[in-house]
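Each remark here refers to the structure printed beneath this line.
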Amino acid sequence: MWTFLGSECLFFGSLISNYLVSKGKSLVGPYPHELFDIPFTSVSTFALLMSSLMMVLAYAAIQRGNQRGVRIWLLATAFLGLVFLGGQFYEFSSFVREGLTLQTNLFGASFFLLTGFHGAHVTIGVIWLLSLWVVAMRGGLTQEKSLNVDLAALYWHFVDVIWIIIFTVVYLIP
Amino acid sequence: MEGKAQRLPAHVETSEHKHPGPGRYVLVGTALVMLTATEVAVYYIEALHGILVPVLLVLSAAKFALVVLFYMHLKFDSRLFTGLFFGGLALAASLMLALLLLFRVFFGG
């Protein structure tokens with residue numbers, strides 16, 4: 001898992017570089033400062049950060065053999081992941097309504113590529129978490145199988161870490 | 175099951191006593207929320223716009239470190255894992271630096 005996450009650093013490093021290289025080079029609008037809604041994205045960021053807390057509480061619960069805790073925290077993590085995805089869907093839709101698509105300008109192409117791939121990672125994470133939750137509901141996620149939760153947690157926290165960088169580099173730095 | 179010694183997998187046994195408990199996790203979560211709130215506040219404070227980029231990068235790096243060290247428990251795990259992750263991260267940072275230099279991003283080109 002750590003090797004995979006190391007390789008994912010390179011993947012997202014390339015996408016972030018692509019965004020930075022393209023930044024300020026769009027010949028036509030709309031431009032980032034016309035579209036970004038920082039308070040809204042801050043709430044999405046808060047949801048993702050809290051989902052990481054829920055995930056680590058699920059991990060702590062399974063390490064202590066607390067089956068009920070694992071089920072609750074896994075579901076809470078997946079729910080907050082879905083809240084983040086809902087926010088991203090709303091944001092993308094509003095950007096498209098404002099006239100920004102993948103083909104509009106360099107900003108649109110690099111922005112949708114970066115945040116879209118991140119969203120795809122979050123989607124995979126939510127599916128993984130819900131699968132674990134189903135297994136937990138059937139009583140198949142015991143303390144002996146805590147590694148399964150640990151691996152999902154590592155992936156989920158990595159997705160969170162990438163968003164920490166995207167939120168700063170893409171949204172906050174002018 | 176009674177009388178039979180239940181042996182947990184190695185990763186459970188070795189990490190049980192090392193990893194922090196829920197209290198510490200909540201504390202880290204609170205710190206993450208406060209750092210994010212500070213980032214957003216700094217973004218809106220006109221007087222800080224001169225130092226906005228370094229301040230935001232430091233706050234972001236602090237959040238990154240908190241998640242990686244505590245939530246991803248690298249602080250408590252084998253150094254091999256740290257090497258694998260930070261090896262990839264160092265390669266990514268080098269790649270980014272090379273691309274940004276190549277496209278003269280730092281020189282306004």
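Just so you know, the protein sequences line up as chains A and B, in that order.
Using this note's numbering, the letters of the first sequence map in sequence onto residues 1 to 174.
Using this note's numbering, the letters of the second sequence map in sequence onto residues 175 to 283.
Glycine included, each C-beta is placed from N, C-alpha and C at the ideal position.
Computed from a predicted model, the values in this text were never measured in an experiment.
Please report the straight-line C-alpha distance between residue i and residue j, rounded to a whole angstrom.
| i | j | result |
| --- | --- | --- |
| His191/B | Gly108/A | In this prediction, His191/B has a pLDDT of 49, which is less than 50 and means its spatial position is unreliable; nothing more can be read from the coordinates. |
| Leu27/A | Leu106/A | 8 Å |
| Thr210/B | Pro228/B | 15 Å |
| His121/A | Pro30/A | 27 Å |
| Phe280/B | Arg64/A | 50 Å |
| Leu141/A | Gln67/A | 8 Å |
| Pro174/A | Ser93/A | 23 Å |
| Leu273/B | Gly99/A | 29 Å |
| Ile164/A | His193/B | 23 Å |
| Met50/A | Thr77/A | 8 Å |
| Val202/B | Phe244/B | 8 Å |
| Tyr218/B | Gly87/A | 22 Å |
| Leu147/A | Ala58/A | 12 Å |
| Gly119/A | Phe46/A | 16 Å |
| His33/A | Phe95/A | 12 Å |
| Gly125/A | Leu48/A | 12 Å |
| Ala152/A | Leu129/A | 7 Å |
Judging by CA-CA distance, which residue of the options is the nearest neighbour of residue i?
| i | options | result |
| --- | --- | --- |
| Leu85/A | Gly69/A, Gly116/A, Gly24/A | Gly116/A |
| Gly195/B | Leu15/A, Leu10/A, Val56/A, Thr123/A | Val56/A |
| Arg97/A | Leu35/A, Glu144/A, Ser44/A, Ala47/A | Leu35/A |
| Val200/B | Trp2/A, Leu5/A, Cys9/A, Ala60/A | Ala60/A |
| Val232/B | Phe260/B, Ala264/B, Val216/B, His193/B | Val216/B |
| Val241/B | Thr41/A, Ser52/A, Lys25/A, Phe95/A | Ser52/A |
| Ile127/A | Gly81/A, Asp37/A, Ser42/A, Ser44/A | Gly81/A |
| Glu91/A | Val134/A, Ser42/A, Lys25/A | Ser42/A |
| Ala136/A | Val70/A, Met54/A, Asp160/A | Val70/A |
Considering only their Cβ atoms, is the gap separating residue j from residue i smaller than 8 Å?
| i | j | result |
| --- | --- | --- |
| Phe277/B | Val21/A | yes |
| Phe89/A | Leu102/A | no |
| Leu74/A | Leu154/A | no |
| Leu15/A | Leu114/A | yes |
| Gly13/A | Ala267/B | yes |
| Ile72/A | Val149/A | no |
| Ser17/A | Met208/B | no |
| Thr168/A | Glu220/B | no |
| Leu265/B | Leu10/A | yes |
| Leu312/B | Phe259/B | A query on residue 312/B cannot be resolved here, the shown segment of chain B reaching from 175 to 283 and no further. |
Name the chain B residues whose beta carbon is nearer than 9 Å to that of residue i?
| i | result |
| --- | --- |
| Trp133/A | Ordered by position in chain B, no residue passes the 9 Å Cβ test against Trp133/A, which lies about 19 Å from the chain. |
| Ile38/A | Val214, Tyr217, Tyr218 |
| Leu49/A | Gly203, Leu206, Val207, Thr210, Lys237, Val241 |
Check the Cβ of residue i against every Cβ in chain A and list those closer than 7 Å, keeping chain order.
| i | result |
| --- | --- |
| Leu258/B | Trp2, Thr3, Gly6 |
| Lys237/B | Ile164 |
| Gly195/B | Ala60 |
Interface residues of chain B around residue i at Cβ under 8 Å?
| i | result |
| --- | --- |
| Thr168/A | Glu213, Leu230, Leu231, Leu233, Ser234 |
| His157/A | Val241, Val242, Tyr245, Met246 |
| Phe46/A | Val207, Thr210 |
What residues from chain A crowd round residue i, counting only those whose CB sits closer than 8 Å?
| i | result |
| --- | --- |
| Leu274/B | Ser17, Leu20, Val21 |
| Phe255/B | Trp2 |
| Phe277/B | Val21 |
| Leu201/B | Near Leu201/B there are no residues of chain A at all, since even the closest Cβ is about 10 Å away, more than 8 Å. |
What residues of chain A sit near residue i, judged by a beta carbon separation below 9 Å?
| i | result |
| --- | --- |
| Met270/B | Gly13, Ser14, Ile16, Ser17, Leu20 |
Would the beta-carbon of residue i be found less than 7 Å away from any heavy atom of the ligand ADP?
| i | result |
| --- | --- |
| Arg198/B | Annotation note on the ligand ADP: not contained in the displayed structure, which lists no ligands. |
So within the stretch 28–65 of chain A, which uninterrupted alpha helix (DSSP H) runs reach at least 4 residues, ignoring any that extend past its ends?
With a minimum length of 4 residues, the continuous alpha helix (DSSP H) runs that stay inside the stretch 28–65 of chain A are 32–35, 38–63.
Complete runs of the alpha helix (DSSP H) confined to the stretch 205–244 of chain B [at least 4 residues]:
Listed in chain order, the alpha helix (DSSP H) elements of length 4 or more contained wholly in the stretch 205–244 of chain B are 226–240.
Segments of 4+ residues assigned as alpha helix (DSSP H) that fall wholly inside the stretch 74–121 of chain A
Segments of the alpha helix (DSSP H) lying fully in the stretch 74–121 of chain A: there are none.
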